[in-house]
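Chains as they are written, first to last, in the numbering used here: chain A, 79 to 721; chain B, 79 to 721.
Ideal placement from N, C-alpha and C gives every residue a C-beta, glycine not left out.
2 protein chains.
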Amino acid sequence: MLQIELISEAEFQRVRNAKIDKYSRLALLSDMCTANTLATVKRAGSGHLGSSFSSLDIVTYLYHYEMNVAELGVDHPDRDIYFSSKGHDAPGHYAVLHSLGLLAEERFELLRRLNGTHGHPDVSIPGMEANTGSLGMGISKAKGMALAKQMSGAKGRVMVMTGDGELQEGQIWESLQTAAYQKVNNLIAIVDFNKIQTDKYVKEIIDLGDLAKKFDAFGWHVEICDGHDFAALEAAFARLKQVVDKPKVLIADTIKGKGVSFMEGPQSVKDGNGLYRWHSGAPDNESFEAGYAEIVQRINARLEQLNLAPLNKRVMATQERNKVTLKATAEKVVTAYGEALLKIGGERQDIVVLDADLSADCGLRPFEKTYPDRFIENGIAEQDMVSTAGGLALHGFLPIVNSFGVFLASRANEQIYCNATEKTKIIYVCHYAGLIPAGPGKSHQSLRDISLFGALPNCTIIEPCNALETEQALRWCVEQAEHNCMMRLVISPSPRTIDLPDNYQLSFGRGAVINDGTDAILFAYGPVMMNEALTAAEILKEQGVTLKVVNLPWLNEIDLGWFAETCANSKFLFALDNHSGYGGLGDLLLNALMSSPELSSRLLTKFAIDELPACGNPEEALAFHKVDGRSLAGRIADVIGKG
Amino acid sequence: MLQIELISEAEFQRVRNAKIDKYSRLALLSDMCTANTLATVKRAGSGHLGSSFSSLDIVTYLYHYEMNVAELGVDHPDRDIYFSSKGHDAPGHYAVLHSLGLLAEERFELLRRLNGTHGHPDVSIPGMEANTGSLGMGISKAKGMALAKQMSGAKGRVMVMTGDGELQEGQIWESLQTAAYQKVNNLIAIVDFNKIQTDKYVKEIIDLGDLAKKFDAFGWHVEICDGHDFAALEAAFARLKQVVDKPKVLIADTIKGKGVSFMEGPQSVKDGNGLYRWHSGAPDNESFEAGYAEIVQRINARLEQLNLAPLNKRVMATQERNKVTLKATAEKVVTAYGEALLKIGGERQDIVVLDADLSADCGLRPFEKTYPDRFIENGIAEQDMVSTAGGLALHGFLPIVNSFGVFLASRANEQIYCNATEKTKIIYVCHYAGLIPAGPGKSHQSLRDISLFGALPNCTIIEPCNALETEQALRWCVEQAEHNCMMRLVISPSPRTIDLPDNYQLSFGRGAVINDGTDAILFAYGPVMMNEALTAAEILKEQGVTLKVVNLPWLNEIDLGWFAETCANSKFLFALDNHSGYGGLGDLLLNALMSSPELSSRLLTKFAIDELPACGNPEEALAFHKVDGRSLAGRIADVIGKG
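This is how it looks when you write it as structure tokens:
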């Protein structure tokens with residue numbers, strides 16, 4: 079068994095109270111937080127190490143020396159405020175809050191779990207000042223807090239950390255402009271300038287040029303320092319205190335993955351043949367153990383040097399060493415999408431693929447490598463990406479635009495609409511659709527994307543359930559569709575491979591029966607919810623209820639003849655959305671039912687996710703929203719009177 | 079009668095072929111286009127003069143001397159491309175296209191009319207290269223076109239005009255960053271630096287600081303010149319041609335309203351006591367005649383000086399001089415909103431009002447003037463505005479966030495979602511909701527805003543139908559609502575004042591019967607559609623059909639008991655949305671019907687706007703979408719079998 083250890087708060091107290099010099103203390107505290115960050119991410123099975131580590135010296139310095147929050151408490155109106163705009167460095171932030179006793183240990187342990195801490199910040203967690211995780215909003219939100227302090231007369235500074243890749247987002251520059259003009263002088267931005275974004279150097283995605291010059295041109299006071307040198311940080315914040323006539327930015331020169339040698343910036347990129355491996359995801363067992371040992375060794379060496387007793391740790395969790403995970407074996411529709419894109423992209427020279435720094439996650443690497451001239455890496459600038467696609471489409475190309483659904487459908491919504499009014503054809507691929515994985519939390523879970531595309535009069539929305547249907551769906555979008563398409567794809571491994579009928583051929587507006595039954599019909603789509611639907615059918619079968627399960631990948635188009643035929647002998651209809659109940663498959667079927675008096679007498683029950691999405695592991699999140707197979711079976715039985 | 083004259087294309091040909099010097103010719107052509115712009119805007123009754131005029135010398139120069147489009151035609155792949163990102167200067171652009179014979183005169187005459195030209199650019203109009211009008215997208219779209227030229231090997235430059243206020247939009251800075259890094263060197267941006275945005279100086283909204291320094295910091299080559307000096311423009315474009323290693327920007331120093339003395343920049347702002355009057359809207363008769371006479375006099379003086387015959391014009395249209403317009407007399411819900419905001423804002427010190435440079439249009443001026451400390455002018459930066467509101471809400475304030483619905487709901491959608499996940503309370507007011515006025519076109523008409531808010535689990539959506547209900551709705555949002563609210567308001571004068579029952583009191587999820595009837599029920603909301611609904615009832619009454627018309631201001635909440643009672647004796651139900659049929663009132667009622675087996679047997683027919691919104695006057699647009707009273711009466715009669 080693999081043992082995962084935690085450094086308890088008592089140990090942090092010991093170091094805080096030890097008679098040692100300030101910088102040694104900070105180095106110790108930061109390393110201890112680094113160890114705890116690594117441990118909680120390993121336990122969670124996912125999380126962001128690289129930029130938790132690059133920012134940890136700064137966050138440690140802020141909370142332990144610069145800010146008054148430990149003294150005043152996390153709710154005091156005069157407290158200094160700190161939060162991270164990038165948000166994926168939350169594991170490191172939690173570790174610092176825990177190190178001060180501001181975040182209870184039992185909650186801190188449970189990263190990315192229901193009732194634990196979220197993958198990205200959430201204000202329900204003590205000490206977390208804002209919800210972030212979608213990039214670029216932080217300075218604006220901090221500006222609102224700083225203005226609130228000005229208006230209410232509350233003391234304290236507002237400090238917000240941004241990434242460097244994050245500066246590709248346009249909202250950053252909006253907020254810099256307004257904050258300077260509005261004289262939000264109690265605001266400090268800190269750039270964690272670690273020079274690597276998701277898995278490549280910032281300068282290889284969209285180079286930022288001379289950052290100091292940019293901030294200066296936008297009217298901000300600029301300081302620069304080594305973000306891992308506590309004396310330099312102290313001096314920089316002292317200088318910032320002297321500047322009272324404008325908002326201020328500290329560009330902190332940092333190293334991504336700092337503190338674990340093989341995760342650190344340049345060397346690690348070299349080891350990865352140009353790709354950085356440690357931005358997100360838990361390390362494998364060997365890397366975890368090597369990294370953890372390295373940090374602990376450094377801590378103990380320092381403790382010894384300072385004549386302090388070695389570190390006390392306790393076992394927080396154990397994990398089976400050779401567990402075969404779904405991730406390693408299961409089908410992934412996003413992989414199938416990447417392969418189909420490569421194939422169809424080879425057949426059609428008019429296809430241009432656009433990406434916003436999620437190439438690997440979106441399955442684009444095969445296309446990117448094979449057709450670099452038709453691949454546009456646009457950085458974390460979704461609005462610009464979508465309007466660029468609009469220009470390409472007006473000039474004869476077929477753009478395929480990729481990002482996570484929660485970002486693409488939402489952040490670039492008006493740009494998508496503007497393109498649609500030009501009546502060109504663009505394919506938008508909303509990755510990471512739906513509730514799962516639920517660990518990253520609500521900034522990443524996409525439960526509104528159908529509704530955000532739904533009112534476009536010229537866009538077909540489709541979500542495939544397996545690899546075969548994914549290729550057919552992409553081919554349909556490229557070859558058959560006469561206008562825009564939105565394809566939504568789940569990002570996680572399929573919990574089971576959905577078996578479509580022999581010789582399955584995707585047919586416009588029509589679905590396919592995956593499990594036969596006579597007592598009721600459940601319509602669903604996509605690998606995650608099709609799995610739950612089939613599980614529900616299995617459970618109901620044991621109770622003597624047979625449930626027809628229909629895979630319907632079309633989310634805003636329906637063949638009414640097919641639908642009437644499918645429903646012919648069923649009184650009870652159910653729709654299962656991996657989406658809000660507003661505007662999803664359920665509403666499509668409601669409209670279809672109302673289209674004819676015969677159909678309208680049938681009862682349709684919608685199952686959907688009508689709350690803000692829960693954070694947790696898949697089982698927890700599905701159960702929380704009562705859309706796991708077992709809950710569904712119970713809810714169906716209740717409706718048809720066999721509960 | 080007021081006569082509105084037009085200078086026909088033949089006159090432009092005469093000047094183009096005259097043996098005169100280049101700069102005199104350009105001055106003549108530009109003045110003639112200025113006259114025609116003024117004429118078409120006056121005829122349309124609305125349109126944007128100020129920035130059509132500030133950019134006209136540049137656009138005239140580009141099309142008549144710099145670009146190859148007159149020679150190659152508007153569809154040639156090697157053509158130079160020009161379009162305006164701000165888009166509201168379209169009337170001037172049309173005038174230049176007309177001056178070259180690229181836009182047919184009969185279409186050019188019909189600004190903002192069905193089958194004429196749109197209030198903002200539309201690619202269906204010959205010579206218009208992109209749809210714009212929502213700000214900040216243009217450089218991105220131009221970048222897409224420039225990349226398309228690079229990929230396809232097509233020649234020609236891509237030139238895009240931006241406003242200066244428009245540079246407050248974050249997408250601009252995204253696009254500057256990516257274009258520089260991606261080496262989009264066949265791209266030229268032109269800033270129409272006229273220093274005035276909607277009605278105030280840019281420096282009084284959100285100052286842009288040193289623009290050249292900003293562009294330079296973003297890696298662009300910068301040229302600066304007088305945008306009204308043709309020799310300077312010629313020299314600047316010659317210099318731009320020499321720069322081949324980076325994208326280029328020309329900051330053109332211009333005067334808003336150029337060409338009509340009393341509409342020109344600084345003096346005009348002084349005359350307006352700090353406010354610029356000529357950004358949008360047609361001038362009154364006296365101003366029109368004085369302005370037109372001034373331009374024609376200048377043209378004729380120049381023609382005489384050049385020994386050319388005086389200008390030929392023809393009467394394009396006549397208008398009744400003393401026509402009383404709806405605008406002058408009708409109730410406006412936005413005015414009622416402004417008054418209610420002043421009143422309720424005075425009662426509640428926690429209310430902060432945020433604006434994105436639409437203060438007058440959104441009825442905010444009374445609050446802005448009375449409570450300047452609780453009014454945040456955020457410039458044209460909707461995303462930043464919404465996240466700033468998020469920060470304020472986290473610190474105890476109640477932000478009321480204003481913009482046009484098409485911008486607010488769409489551009490800042492992800493920011494709205496992020497705020498919602500923090501479970502604070504914010505009131506979003508989506509102004510200019512729905513189809514009318516239809517003159518500005520699809521960039522301004524908001525038919526998707528309900529759908530863009532609808533999947534938020536903690537936001538109530540409401541649209542009031544008259545002044546009384548507007549105040550009650552705002553009060554409900556401020557005092558009663560436990561979470562976020564979205565209030566949508568039409569911006570045009572109410573075509574009739576909707577009479578609510580005596581002692582009307584807004585009641586959660588409930589509507590009110592405005593016209594009684596027994597043959598069918600029509601549910602509607604807001605002054606525009608309530609008027610059409612009542613008109614339909616009046617027409618049907620003549621045919622012996624009595625239609626119950628219900629005003630239901632709640633767009634995503636319904637009291638099922640009230641609804642069942644209201645529908646008790648009616649088989650035929652109709653819902654009328656001033657919105658797409660996706661996710662509006664119709665879908666709310668569908669879901670309500672499906673909630674009980676008794677109700678589900680009723681037939682509901684949805685009336686909505688399921689196409690891209692038409693541009694035209696209100697009658698044209700309503701009829702085009704078949705949601706005018708007459709069409710509705712016919713459609714209802716058809717369904718109930720009395721057609």
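Asked, Found
"Could you tell me whether the Cβ of His473/A comes closer than 8 Å to any Cβ of chain B?", "yes"
"Rounded to a whole number of angstroms, what is the C-alpha to C-alpha distance between Val393/A and Ile82/A?", "6 Å"
"With a threshold of 8 Å between beta-carbons, can Ile377/B be considered close to chain A, or not?", "no"
"Could you give the residue range of the beta strand (DSSP E) that holds Lys120/A?", "Here Lys120/A belongs to no beta strand (DSSP E); instead the alpha helix (DSSP H) covers Lys100 to Ala122."
"So that I know if they touch, is there some Cβ in chain A lying closer than 8 Å to that of Arg526/B?", "yes"
"What residues in its chain sit with their C-beta under 6 Å from that of Pro691/B, if we drop five residues either side in the sequence?", "Leu513, Lys520, Gln523 and Leu525"
"Starting from Val507/B, find everything on chain A with Cβ-Cβ shorter than 7 Å and list it in chain order.", "Here the premise fails: no neighbours, minimum Cβ distance about 17 Å."
"Identify the continuous beta strand (DSSP E) that holds Lys684/B and give its terminal residues.", "Leu681 to Phe685"
"Taking Cβ positions, are Leu534/A and Asn562/A nearer each other than 8 Å?", "yes"
"Which word fits Pro89/A, buried or exposed, when buried means at least 16 other C-beta atoms lie within 10 angstroms of its C-beta?", "Residue identity check: residue 89/A is Glu in the sequence provided, not Pro. That one is buried."
"Count Cβ pairs between the stretch 237-246 of chain B and the stretch 146-157 of chain B that sit closer than 8 Å; are there 3 or more?", "no"
"I'd like the list of long-range same chain contacts for Thr138/B, defined as Cβ closer than 8 Å, with 5 residues on each side in sequence excluded.", "Leu104, Leu107, Ser108, Cys111, Val174 and Ser177"
"Would you report the Cα separation of Leu389/A and Gly151/A, rounded to the nearest angstrom?", "28 Å"
"Drop a sphere of 10 angstroms on the beta-carbon of Gly474/B, count the other beta-carbons inside from all chains shown, and report buried for 16 or more, exposed for fewer.", "exposed"
"May I have the straight-line CA-CA distance separating Ile274/B from Leu600/B, to the nearest angstrom?", "46 Å"
"To the nearest whole angstrom, what separates the beta carbons of Ala511/B and Leu578/B, a pair I think is in contact under 8 Å?", "Actually they do not touch by this definition, with Cβ atoms about 19 Å apart."
"Does the CB of Ala168/B have a neighbour CB from chain A at under 8 Å?", "no"
"Along chain A, in chain order, which residues have C-beta atoms closer than 7 Å to that of Ile504/B?", "Those within 7 Å of Ile504/B in chain A number zero; the least Cβ separation is about 10 Å."
"Could you tell me if Thr396/A is buried or exposed, where buried requires 16 or more neighbouring beta carbons within 10 angstroms of its beta carbon?", "exposed"
"Alpha carbon to alpha carbon, what distance is there between Trp356/A and Phe340/A?", "9 Å"
"For Val347/B, which three-state DSSP category applies?", "helix"
"Unbroken alpha helix (DSSP H) runs of length 4 or more, entirely within the stretch 132-183 of chain A: which are they?", "147-150 and 168-177"
"Would you mind telling me which residues of chain B sit closer than 7 Å to Pro535/A, beta carbon to beta carbon, in chain order?", "Asp688, Glu689 and Leu690"
"Ala224/A and Asn264/A - do their beta-carbons sit closer together than 8 Å?", "yes"
"The alpha helix (DSSP H) with Ala368/A in it runs from where to where?", "Asn363 to Gln383"
"Let's test the definition: count the other Cβ atoms within 10 Å of the Cβ of Thr407/B and tell me whether it reaches 16, buried, or not, exposed.", "exposed"
"Quick check: is the beta carbon of Arg489/A nearer than 8 Å to any beta carbon in chain B?", "yes"
"To be precise: take each residue of the stretch 605-618 of chain B, compare its Cβ to all Cβ atoms of chain A, and keep it if any distance is under 7 Å. Which residues remain?", "none"
"Can you grab the Cα-Cα spacing for the pair Leu436/A / Ser124/B, in whole Å?", "45 Å"
"So which residues of chain B does Trp251/A contact, with C-beta pairs closer than 7 Å?", "Gly248 and Trp251"
"Please say whether Glu698/B and Arg94/B have beta carbons closer to each other than 8 Å?", "no"
"Per DSSP, which residues does His299/B bridge with? Please list them.", "Lys326/B"
"Taking all protein chains shown into account, decide if Met79/B is buried (16 or more other Cβ within 10 angstroms of its Cβ) or exposed.", "exposed"
"Can you give me the C-alpha to C-alpha distance between Cys496/B and Val430/B, rounded to a whole angstrom?", "19 Å"
"According to DSSP, which residues form a beta bridge with Gly395/B?", "One point to set straight first is that residue 395/B is Ala, not Gly, in the sequence displayed. Ala395/B is bridged to Ile82/B."
"Would you mind telling me which residues of chain A sit closer than 7 Å to Met215/B, beta carbon to beta carbon, in chain order?", "Ser465, Gln493 and Cys496"
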